[in-house]
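Below is one structure, written out as structure tokens, with a few remarks after it.
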Amino acid sequence: MVRSLSLGELPPSYTPPARPPQILAGSLQAPLWLRAHFQGLLFSLGCRIQRHCGKVLFLGLVAFGALALGLRVAVIETDLEQLWVEVDSRVSQELHYTREKLGEEAAYTSQMLIQTARQEGGNVLTAEALGLHLQAALTASKVQVSLYGKSWDLNKICYKSGVPLIENGMIERMIEKLFPCVILTPLDCFWEGAKLQGGSAYLPGRPDIQWTNLDPQRLLEELGPFASLEGFRELLEKAQVGQAYVGRPCLDPDDPHCPPSAPNHHSRQAPSVAQELSGGCHGFSHKFMHWQEELLLGGTARDLQGQLLRAEALQSTFLLMSPRQLYEHFRGDYQTHDIGWSEEQASTVLQTWQRRFVQLAQEALPANASQQIHAFSSTSLDDILHEFSEVSATRVVGGYLLMLAYACVTMLRWDCAQSQGAVGLAGVLLVALAVASGLGLCALLGITFNAATTQVLPFLALGIGVDDIFLLAHAFTKAPPDTPLPERMGECLRRTGISVALTSINNMVAFFMAILVPIPALRAFSLQAAIVVGCNFAAVMLIFPAILSLDLCRRHHQRLDVLCCFSSPCPAQVIQILPQELGDRTVPVGVAHLTATVQAFTHCEASSQHVVTILPPQTHLISPPSDPLGSELYSTGGSTRDLLGQEEGARPKAACRPLLCAHWTLAHFARYQFAPLLLQTQAKALVLVFFGALLGLSLYGATLVQDGLALTDVVPRGTKEHAFLSAQLRYFSLYEVALVTQGGFDYAHSQRALFDLHQRFSSLKAVLPPPASQAPRTWLHYYRSWLQGIQAAFDQDWASGRITRHSYRNGSEDGALAYKLLIQTGNAQEPLDFNQLTTRKLVDKEGLIPPELFYMGLTVWVSSDPLGLAASQANFYPPPPEWLHDKYDTTGENLRIPAAQPLEFAQFPFLLHGLQKTADFVEAIEGARAACTEAGQAGVHAYPSGSPFLFWEQYLGLRRCFLLAICILLVCTFLVCALLLLDPWTAGLIVLVLAMMTVELFGIMGFLGIKLSAIPVVILVASVGIGVEFTVHVALGFLTAQGSRNLRAARALEQTFAPVTDGAVSTLLGLLMLAGSNFDFIIRYFFVVLTVLTLLGLLHGLLLLPVLLSILGPPPQVVQIYKESPQVLSPPAPRGGGLRWGMPATLPQSFARVTTSMTVALHPPPLPGAYVHPAPDEPT
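Counting from 1, position 3 in the sequence shown corresponds to residue 17 in the numbering used here; the numbering is continuous, with no gaps.
Right under this line is the structure:
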């Protein structure tokens, strides 16, 4: 036997021999030539990597390690708007417009308390339940935190709506201290609501003034002699403040602090809670602070007359300033001048207070109380998102250790020379480095990370990447025994490189196609996954072959696996079998393959273009009867060590039978059990019926899939946050939205269109209508109503003579304001015209404001009616200029009113209710968009704004986007497979199987109750690429095998069953760590879906595809090209079923004499239906 050179014995000038592809007659020449050319490139690459394996490994590790350092600059995005608002959509454009005009933040943040009975469905409309609610709300409202050497309480950081500007300094300071926080609570129906307000003021000779003892009317009467408070009094009258809280019934009339002015103070009778709460409650202002019943009560029940009987939930909402507002409020204040006050500090103050608020509120009630409190704040949501986005080091390390153990155990062998445990360990570590380098590259490219990146991608990429590691390692050990040592890696890449490239390219294409989903979080995840798959591909094709080459050196030097510093106890015993030594000896039973160096003579006949091979020595080859697939199956097992064992076993000494488990492998199982069973006619029919039924069932399941992704799906179950969100979704499914009007049209001349737009929007089914007794809560209605009010005051003053053409000082404050507005002309040359006092009205008979007065009146309204402005939530941009009315100005300068600039931004607030399912949201969004479109035809540019439009509008086109991405991806997969497999028919079968997998996965989602959102869409799109991992290896093995369809399918299964199964198991192990996530969302939407996908891929790749190929498969690309020639002497017929080698008496001169290493396959009885033929020209 010719000895191969070791790695160390290779001369420096060694170059792998070129193996040009031989285009043989009877084959598909073009596909074979193209594949042979590509395989030649892979062969050259493998040989060069093997020759310079140390250098390649060192440089590869350095390059990948450098990329992994990019993780240091990774940015994790937790802003919901940045994660979920569609890129370049109308929503993102509208959001950009809103931020451009108003800034980055909302006007306030919300802290909420929801109270429910511990007993399911218990009534909360009782004095006891309201008392417990007061206890919890009061505990939460008294929260104080100490930061930066200061104490921060609710009164300092709460949102206060419409604080008036008063010229009287004493009153202004008192108002600043007393002005109430905005708290929407059912307690406001009672005097106890005042206890939540923490402000207080001091006046000489009086006890501290608090809302629990403040009667505004009486206080103004007492202060009247000391200050001019007429304007302030009119302001309170317009706001309908009245006696504020002291005029409301006491929930507990026995409270010693219950004011005498309370309706039930003297009777000492507890109020009817249901009656008081019916229709909602009011803040300190009856006109501008009406809390609708739906904001306070949930799960209500009424009698036949519509009277409120019971409710199952109470809700109180505390509004806080935004960080920017808090920063601006205290900037320059004496309390913060010594701490370097900044917006970051303001944000820290708010977050700390909110966390303490939630903690104390949840602990406010004793464990044995009949009620339970659920508390939540905007910081709670931020904390959940931050926790959701954090990398779990424990799970990552655990997952990779589990994969290391699996790779090492599955690749260890009893035979030290065949064991590859160290290769498995190195391969998993290499994949881990490739994943880290891919994510580092993403960070360097500026792609932000999110929860999907940190929670899912490390495990998904590990499972996918290790698949190719198993494939290469499996192929490397099964290389043909005649392969020279310097060409082993080249031969491995030539055999498996196309499969690895095909799966990796399809995975990358699949994830790139997922970019069609226009959600930033999922686009980032898809890009990162595609880049990580690309890095895995580079590592597997460049660095892992170097590891295999080093392991080959270890095996050549007879070192132990894993513990390579120790020599192997298994000596390398080789039997040199020469033709003259064999003679007529019979090879023992059980030898499946014989590797020998023999003299062979080959001749290519000119007539038939077939090669004839004649082996000179004569030897009996007795086939073992246990091989069910017959000799036509290419066997990848066997070695000279097997032959040695058989030779020694034939000698007269104690027999030593190896353990059965030492030889059992997945390939052995596929050859002897799985393939024979699967390829029987009855089994094929059962497989087709099973997958047909599965497809039909999945089509039905697809109809059950609903759209949506609720916040309760993201928050971990069993937590207090999940309990709050569940209660909120059940009882208080209310959403604050706004109808925004933009610039680009004249507001003054479009008032009718604005009123019509408001009316159309208000008529939507989801819009919560205001009470019949309350006017619409919009700035245009408030503005018009205010103008009508001062017009009525002017008319009254004019009629009584208190206001004349030349004087308004004797009139009322409102009459004087109307006087100044009526004389405005809007003409810069002649701004005033006193003749208009009696010839015009501030609001005409049609309810419209004269266009020439519109912007000047807007300036006066904004400055004179702060409570109405705050209640309207108009958020004007540009903001109208400040203008202070001075009734006693004698200079005349106060007569000129500056006009506000043309509006570019204003909004009408609305409340949406009854939105439980995604279909409800979609219906509301479509109705709102239709109203805006209709208004656009009238010249009004408007759009809806709010969380339903930010996060649910994606569902309007999500399914269309999903179908588009799937169709494009299937077409791309077909083209890639057709290009690399060079067989469109096989590519079509692969795409058919992938489409079935996607439909079945979608249907199973319906049965599992998993809703369709952007996340499942990405997984469904990626399933096409991941499914290629389970199908393309089998298809490629089928194309390159010879024989009938059944036989080629069996050969494909034998060659690919082990790596495909190992790949599936490795993927499942990578996903297993997702099952340990604290977030049910990760388990349901990633672990369950991806596990189902992996199992479907395994079933389709190893069951359905082989059956389809055995029935509908294309002809082989390589056909048998040799047959016995009548011009050559045939060897003698074998005796006893054996195959004898005979030397012909004479040889034609045209024969070439060569020396080669051959594998002789035995010929046992084949399976029923197996394809057996002597040597036909074309396969059937």
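Note that beta-carbon positions come from the ideal geometry of N, C-alpha and C, so glycine has one too.
{"query": "Secondary structure of Ser-799, DSSP reduced to three states", "result": "helix"}
{"query": "Span separating the alpha-carbon of Ser-878 from that of Asp-347", "result": "26 Å"}
{"query": "Whole-angstrom distance between Glu-108 and Arg-791, CA atom to CA atom", "result": "23 Å"}
{"query": "Strand pairing of Ile-223, partner residues [DSSP]", "result": "Ala-215"}
{"query": "Residue of Val-514, Leu-334, Gln-133 and Pro-263 minimising C-alpha distance to Glu-326", "result": "Gln-133"}
{"query": "Those residues which DSSP pairs with Trp-305 across a bridge", "result": "Cys-295"}
{"query": "Stretch-stretch touch, CB-based, cutoff 8 Å, three pairs: the stretch 1121 to 1129 with the stretch 678 to 698", "result": "yes"}
{"query": "Three-pair Cβ contact test at 8 Å for the stretch 1064 to 1083 versus the stretch 1002 to 1015", "result": "no"}
{"query": "C-beta contact flag for Leu-970 and Val-936 at 8 Å", "result": "yes"}
{"query": "Coarse secondary structure for Leu-228, derived from DSSP in three states", "result": "coil"}
{"query": "Proximal residues to Tyr-420 (C-beta, below 6 Å), its chain only, five neighbours per side dropped", "result": "Leu-1083"}
{"query": "7 Å Cβ shell around Gly-960 - same chain, five flanking residues per side excluded", "result": "Tyr-749, Glu-750, Val-751 and Ala-752"}
{"query": "Option in Gln-887, Thr-733 and Ala-938 with minimal Cα separation from Met-303", "result": "Gln-887"}
{"query": "Host alpha helix (DSSP H) of Ala-150 (start-end)", "result": "141 to 155"}
{"query": "Contact belief for Ile-128 with Ala-741 at Cβ below 8 Å, rounded distance in angstroms", "result": "5 Å"}
{"query": "heavy atom of the ligand SAH below 7 Å from Leu-374 C-beta", "result": "Within the structure as shown, the ligand SAH is missing, as the structure has no ligands at all."}
{"query": "Bridge partner(s) assigned by DSSP for Thr-130", "result": "Ala-327 and Gln-386"}
{"query": "Rounded separation between Pro-498 and Gly-504 - CA only", "result": "10 Å"}
{"query": "Burial state of Asn-841, where buried means 16 or more other Cβ atoms lie within 10 Å", "result": "exposed"}
{"query": "Length-filtered (4 minimum) alpha helix (DSSP H) runs lying within the stretch 729 to 798", "result": "734 to 745 and 765 to 776"}
{"query": "Classification of Phe-738 by the beta-carbon crowding that lies within 10 angstroms, buried from 16 upward", "result": "buried"}
{"query": "Cutoff 6 Å; reference Pro-1162; Cβ partners in own chain excluding five residues on either side", "result": "Legend: pLDDT at Pro-1162 = 40, less than 50; position of this residue unreliable, no value from coordinates given."}
{"query": "Residues of its chain near Gly-293, where Cβ-Cβ distance is below 7 Å and the 5 sequence neighbours each way are ignored", "result": "Glu-307 and Pro-785"}
{"query": "Anticipated Cβ contact below 8 Å, Phe-688 with Phe-1071, distance rounded", "result": "7 Å"}
{"query": "Residue span of the alpha helix (DSSP H) that contains Gln-694, given as start and end", "result": "Premise fails: Gln-694 is in no alpha helix (DSSP H) and is neither H nor E."}
{"query": "Own chain residues within Cβ distance below 8 Å of Lys-834, not counting five before or after", "result": "Tyr-822, Val-874, His-899, Asn-908, Leu-909 and Ile-911"}
{"query": "Distance between Gly-207 and Val-255 (C-alpha atoms, nearest Å)", "result": "15 Å"}
{"query": "Three-state class that DSSP yields for Arg-316 in the structure shown", "result": "strand"}
{"query": "Length of the line joining the Cα atoms of Ala-143 and Gly-136", "result": "10 Å"}
{"query": "Rounded distance between the beta-carbons of Leu-379 and Ala-150, thought under 8 Å", "result": "6 Å"}
{"query": "Within 8 Å, strictly: CB atoms of Ala-528 and Ser-540", "result": "yes"}
{"query": "Length of the line joining the Cα atoms of Phe-57 and Pro-500", "result": "11 Å"}
{"query": "Three-state secondary structure assigned by DSSP to Pro-958", "result": "strand"}
{"query": "Alpha-carbon to alpha-carbon, Ser-799 and Ala-813", "result": "21 Å"}
{"query": "Per DSSP, cross-strand counterpart(s) of Met-335", "result": "Tyr-122"}
{"query": "Gly-1111 burial status per 10 Å Cβ neighbour count (16 or more: buried)", "result": "buried"}
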